[in-house]
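Numbers 9 to 290, taken from this note's numbering, label the letters of the sequence shown in order.
Glycine is no exception: its CB is placed at the ideal position from the N, C-alpha and C atoms.
Let me begin by presenting the structure, written as structure tokens, before commenting on it.
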Amino acid sequence: MRARAAWVLNLDAEDELRLGAAYAPRAAASERARELSAALTTLTGEDAVVVERGAPPPREARGLPGHAWCPTPSALAALAAAGAIVGPTPPVHVLRAVNHRRFHHAQGAPLAGARWLEDADEILSTVARGRWLLKRAFGFAGRGRLACGDGVDAGAFVARALREDGGVAVEPRVEVTLDVSLHGVIEPGGAWSLGRPVASQVRSGAWQRALDAEPALSLDERAALFAEGERVAVALHAAGYFGPFAVDGFRHEDGFCARCEINARFGMAFGVGWGRYPRAGR
9 MRARAAWVLN
19 LDAEDELRLG
29 AAYAPRAAAS
39 ERARELSAAL
49 TTLTGEDAVV
59 VERGAPPPRE
69 ARGLPGHAWC
79 PTPSALAALA
89 AAGAIVGPTP
99 PVHVLRAVNH
109 RRFHHAQGAP
119 LAGARWLEDA
129 DEILSTVARG
139 RWLLKRAFGF
149 AGRGRLACGD
159 GVDAGAFVAR
169 ALREDGGVAV
179 EPRVEVTLDV
189 SLHGVIEPGG
199 AWSLGRPVAS
209 QVRSGAWQRA
219 LDAEPALSLD
229 ERAALFAEGE
239 RVAVALHAAG
249 YFGPFAVDGF
259 RHEDGFCARC
269 EINARFGMAF
279 GVGWGRYPRA
289 GR
């Protein structure tokens with residue numbers, strides 16, 4: 009029998025990683041977490057005790073195992089205030105480093121032409137021709153991105169990204185026909201395991217629901233996705249990270265991108281692709 013657990017669903021973890029000490033939880037983020045909590049029961053279990061930052065801690069959380077969507081300082085503080093028991097977690101500087109899009113691009117870019125750039129002239133000259141998608145260092149649910157082309161002025165977006173993030177991800181805009189992800193867990197000692205591929209329905213960058221992707225993927229696509237999952241697990245461990253992670257990819261009109269993003273945290277489809285956390289016996 010798996011133990012009931014206390015959870016902080018800090019779905020805005022990227023905001024905290026970006027802002028650091030200046031971060032404060034927003035009411036909208038808490039409301040979004042409440043809206044999605046039912047969809048996350050495949051991860052948390054239907055009997056989970058949800059701990060909200062800034063709200064009185066629920067008494068029933070005391071003594072329960074404590075987990076967070078991403079173990080940021082505010083999430084860990086909320087679990088501690090609720091009396092939940094939290095195991096080892098990576099330090100926040102590691103969380104910040106491996107969730108930064110610079111880390112993803114440092115592993116190579118499976119999508120031809122995708123790069124992390126840190127020079128304004130190079131960025132603007134690149135996006136002046138063709139169709140491009142700019143992404144801030146930290147983003148979630150479709151935030152922190154700008155579609156370029158057709159005369160879009162990217163100057164202000166790029167200036168802010170350089171000032172606050174040190175660079176911007178520049179990716180070709182392609183017609184996505186299938187969004188997929190592969191989830192896994194890295195143990196503190198470095199052992200890792202991967203789940204099964206999941207297809208997600210996404211609208212404007214925001215997750216809608218997840219389905220088993222196995223029937224939709226070709227053998228080559230599946231192999232490429234698992235190869236990236238293995239590479240990412242090794243790279244994350246080398247960077248000092250342990251815990252849940254996800255590799256996102258997609259099929260497009262010209263081929264298959266086996267890794268478009270790395271999320272060193274839980275993801276919306278984690279419960280479908282890997283199962284309830286922790287698994288029985290863990």
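N-terminal and C-terminal residue of the alpha helix (DSSP H) that residue i is part of
i    : result
N107 : 100 to 107
T49  : 49 to 52
A76  : Segment 74 to 76 is the beta strand (DSSP E) holding A76; no alpha helix (DSSP H) there.
E22  : 21 to 27
C-alpha distance - residue i paired with residue j, whole-angstrom precision
i    : j    : result
G250 : T49  : For the record, residue 250 in the displayed sequence is Phe; it is not Gly. For F250 and T49, the distance between alpha carbons rounds to 22 Å.
R26  : P99  : 15 Å
K143 : R284 : 31 Å
Q216 : L19  : 14 Å
D161 : A136 : 9 Å
A224 : G91  : 44 Å
R181 : L141 : 6 Å
F148 : R139 : 21 Å
R104 : P33  : 17 Å
E60  : A41  : 9 Å
F234 : E183 : 23 Å
S38  : G174 : 29 Å
A47  : T97  : 25 Å
F253 : F274 : 6 Å
E238 : G203 : 11 Å
G53  : A83  : 19 Å
W124 : E22  : 18 Å
E43  : A11  : 24 Å
Neighbourhood of residue i by C-beta, 6 Å cutoff - its chain only, sequence neighbours within 5 removed
i    : result
A89  : P65
A169 : R144, V176
A232 : A266
P188 : The amino acid at residue 188 is misidentified as Pro; the sequence shows Val. So the list reads P205, A207, A221, G257, once near-sequence residues are dropped.
A277 : S189, V206, S208, A218
A36  : none
Cβ of residue i within 8 Å of any chain C Cβ
i    : result
L103 : In the structure shown, chain C cannot be found, because there is only a single protein chain.
Residue interval of the beta strand (DSSP E) (run including residue i)
i    : result
G263 : 263 to 271
S82  : Segment 81 to 89 is the alpha helix (DSSP H) holding S82; no beta strand (DSSP E) there.
D55  : No beta strand (DSSP E) holds D55; DSSP gives it neither H nor E.
L190 : 184 to 194
D129 : Unbroken run through D129 is the alpha helix (DSSP H), 128 to 135; no beta strand (DSSP E).
D228 : It is not in any beta strand (DSSP E) - D228 instead sits in the alpha helix (DSSP H) that spans 227 to 246.
R284 : Element bounds for R284: n/a, residue is neither H nor E.
Same chain, Cβ closer than 7 Å to residue i, neighbours up to 5 away in sequence not counted
i    : result
A243 : Q115
S45  : L17, V58
S201 : G192, V193
Residues near residue i in its chain [Cβ-Cβ closer than 8 Å; skip 5 each side]
i    : result
G71  : G91, A92, I93
R230 : P205, E222
P81  : E24, V100
E195 : F250
C-beta contact flag for residue i and residue j at 8 Å
i    : j    : result
L119 : C268 : yes
A167 : A128 : yes
A13  : G95  : no
A122 : E179 : yes
E68  : T185 : no
A247 : V106 : yes
F146 : H108 : yes
W15  : A56  : yes
L51  : G279 : yes
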